[in-house]
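Chemist:
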Amino acid sequence: MADFFQAVVLGLIQGLTEFLPISSSAHLRIYPDLFGWGDPGAAFTAVIQIGTELAVLLYFWKDIWRIAVAWLRSLVQPEFRGHRDALMGWYIIVGSVPIVVLGIALKDVIEKDFRSLWIIGTTLIVLGVVLGLADRFGRNEKEIGRIGLRDALLMGLAQALALIPGVSRSGATLSMGRFLGYEREAATRFAFLLAIPAVIGAGVFELKDIPGETNPYGWGPTIVATVVSFVVGYAVIAWLLRWVTTRSYAPFVAYRVVLGVVVLVLVGTGVLAS
36 MADFFQAVVL GLIQGLTEFL PISSSAHLRI YPDLFGWGDP GAAFTAVIQI
86 GTELAVLLYF WKDIWRIAVA WLRSLVQPEF RGHRDALMGW YIIVGSVPIV
136 VLGIALKDVI EKDFRSLWII GTTLIVLGVV LGLADRFGRN EKEIGRIGLR
186 DALLMGLAQA LALIPGVSRS GATLSMGRFL GYEREAATRF AFLLAIPAVI
236 GAGVFELKDI PGETNPYGWG PTIVATVVSF VVGYAVIAWL LRWVTTRSYA
286 PFVAYRVVLG VVVLVLVGTG VLAS
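The numbering of the sequence shown is the working numbering, which starts it at 36 and goes up by one.
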């Protein structure tokens with residue numbers, strides 16, 4: 036029963052933090068250690084993220100369906116190749132390439148070295164400051180319809196930084212989007228769409244390691260955590276999209292910096308093992 040209780044808590048953490056620019060993978064590494072549960076592992080983290088991405092699929096199903104249909108039609112009907120939705124499909128594919136390539140190439144490093152709390156505490160602080168600067172100086176002049184190939188690739192490269200826990204997939208993508216001049220809502224929506232192939236792909240890729248040497252949870256707790264993350268994640272999407280239309284990312288920046296400092300102090304004083 037203890038495993039299932041922990042799974043519910045970890046699913047709740049995943050659902051609350053996946054879409055906020057505060058790094059869900061960092062939270063799934065930090066808080067289990069604080070609770071004395073140990074590191075749940077990269078495989079468990081990747082698989083339960085499928086739940087939050089299913090929430091994205093459900094929330095944006097009309098947009099995703101429209102983009103998918105237009106993209107598929109563009110493959111066989113030349114008149115659709117310049118269609119805005121067809122191009123968006125290509126932009127999502129192109130933007131997903133960096134994280135897929137680097138995720139496969141750096142798999143061993145990601146699952147071991149990158150999970151050090153020294154690295155996580157540092158990236159929470161550094162990327163928090165970057166997000167704050169991007170939000171402060173970014174221009175609100177571009178809507179999501181103005182995304183082009185260059186911007187999609189740049190945001191995809193930024194997303195790839197999230198292979199390091201503590202960076203935050205949404206935080207890195209939002210930061211790049213804001214630096215490129217996109218409105219908060221536009222950058223947030225594209226970050227949601229861009230994450231779908233990478234997160235679902237990574238989760239499916241890691242299914243073979245449930246359970247495994249680096250994953251203390253079996254199939255039952257993993258499925259429970261995934262379901263919880265789906266339900267909570269859906270609610271967070273709706274809340275965040277309303278938030279960014281009128282408010283800045285400042286509270287998330289402050290939270291990242293404070294959490295990063297606390298983690299480094301706890302590791303430095305021996306309270307947590309790095």
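Ideal placement from N, C-alpha and C gives every residue a C-beta, glycine not left out.
Compute the distance between the beta-carbons of Gly50 and Val267, then report whether it is under 7 Å.
Modeler: yes
Chemist: Measuring straight from C-alpha to C-alpha, what distance separates Trp278 and Phe227?
Modeler: 15 Å
Chemist: Counting Cβ pairs, one atom from each stretch, are 3 or more of them under 8 Å apart for the region 291-301 and the region 106-116?
Modeler: Because the criterion of three Cβ pairs below 8 Å is not met, the region 291-301 and the region 106-116 do not touch.
Chemist: In angstroms with no decimal places, state the Cα-to-Cα distance between Trp96 and Leu209.
Modeler: 21 Å
Chemist: Put Tyr27 into one of helix, strand or coil per three-state DSSP.
Modeler: Residue 27 cannot be examined here, being either before or after the span of the chain that is shown, 36 to 309.
Chemist: Quick one: what does DSSP say Lys147 is sitting in, helix, strand or coil?
Modeler: Lys147 falls in the coil class under three-state DSSP.
Chemist: Compute the Euclidean distance between the alpha carbons of Ala81 and Ile182, then round it to the nearest angstrom.
Modeler: When rounded, the distance between both Cα atoms is 28 Å.
Chemist: Rounded to whole angstroms, what is the Cα-Cα separation between Ile57 and Ala289?
Modeler: 10 Å
Chemist: Among Ser309, Leu152, Ile134, which has the Cα closest to the Cα of Ala193?
Modeler: Residue Ile134 holds the alpha-carbon nearest to the alpha-carbon of Ala193 among Ser309, Leu152, Ile134.
Chemist: Given a cut-off of 7 Å on the beta-carbon distance, is the pair Leu215 and Asp170 in contact?
Modeler: no
Chemist: Going by the CB atoms, is the gap between Arg213 and Gly167 shorter than 7 Å?
Modeler: no
Chemist: At what residues does the alpha helix (DSSP H) containing Gln194 begin and finish?
Modeler: 184-195
Chemist: Leaving out five residues before and five after Gly236 in sequence, what residues of the same chain have Cβ atoms less than 7 Å from its Cβ?
Modeler: Val135
Chemist: Who pairs with Lys177 in a beta bridge, going by DSSP?
Modeler: Tyr217
Chemist: Helix, strand or coil, according to DSSP, for Glu53 in the structure here?
Modeler: coil
Chemist: What does the alpha-carbon distance come out to for the pair Leu159 and Val111?
Modeler: 45 Å
Chemist: Compute the Euclidean distance between the alpha carbons of Gly138 and Tyr269, then round it to the nearest angstrom.
Modeler: 26 Å
Chemist: Is DSSP giving Trp100 helix, strand or coil here?
Modeler: helix
Chemist: Helix, strand or coil, according to DSSP, for Ile390 in the structure here?
Modeler: For residue 390 there is no data in the structure shown, the boundaries of the chain being 36 and 309.
Chemist: Looking at C-alpha atoms only, which residue of Ser205, Met211, Gly253, Ala140 is the closest neighbour of Arg234?
Modeler: Contrary to the premise, residue 234 reads as Val rather than Arg in this sequence. Checked all of Ser205, Met211, Gly253, Ala140; the closest Cα to Val234 is Ser205.
Chemist: In angstroms with no decimal places, state the Cα-to-Cα distance between Val43 and Ser109.
Modeler: Roughly 43 Å between the two C-alpha positions.
Chemist: Does the Cβ of Ser264 have 16 or more other Cβ atoms within 10 Å, making it buried, or fewer, making it exposed?
Modeler: buried
Chemist: Could you compute how far the alpha carbon of Ile102 sits from the alpha carbon of Trp125?
Modeler: 9 Å
Chemist: Quick check on Phe70: does DSSP put it in helix, strand or coil?
Modeler: helix
Chemist: Just to confirm, is the Cβ distance from Glu241 to Ala78 under 7 Å?
Modeler: yes
Chemist: Can you name, in chain order, every residue of its own chain whose Cβ lies under 7 Å from the Cβ of Glu178, other than the five neighbours on each side?
Modeler: Glu218, Ala221
Chemist: If you measure between the beta carbons of Ile85 and His62, is that distance less than 7 Å?
Modeler: Pairing Ile85 with His62 gives a Cβ-Cβ distance that is not under 7 Å.
Chemist: Should Leu69 go down as buried or exposed, given a rule of 16 or more other Cβ atoms within 10 Å for buried?
Modeler: exposed
Chemist: Go ahead and pull the three-state DSSP assignment for Ala308.
Modeler: coil
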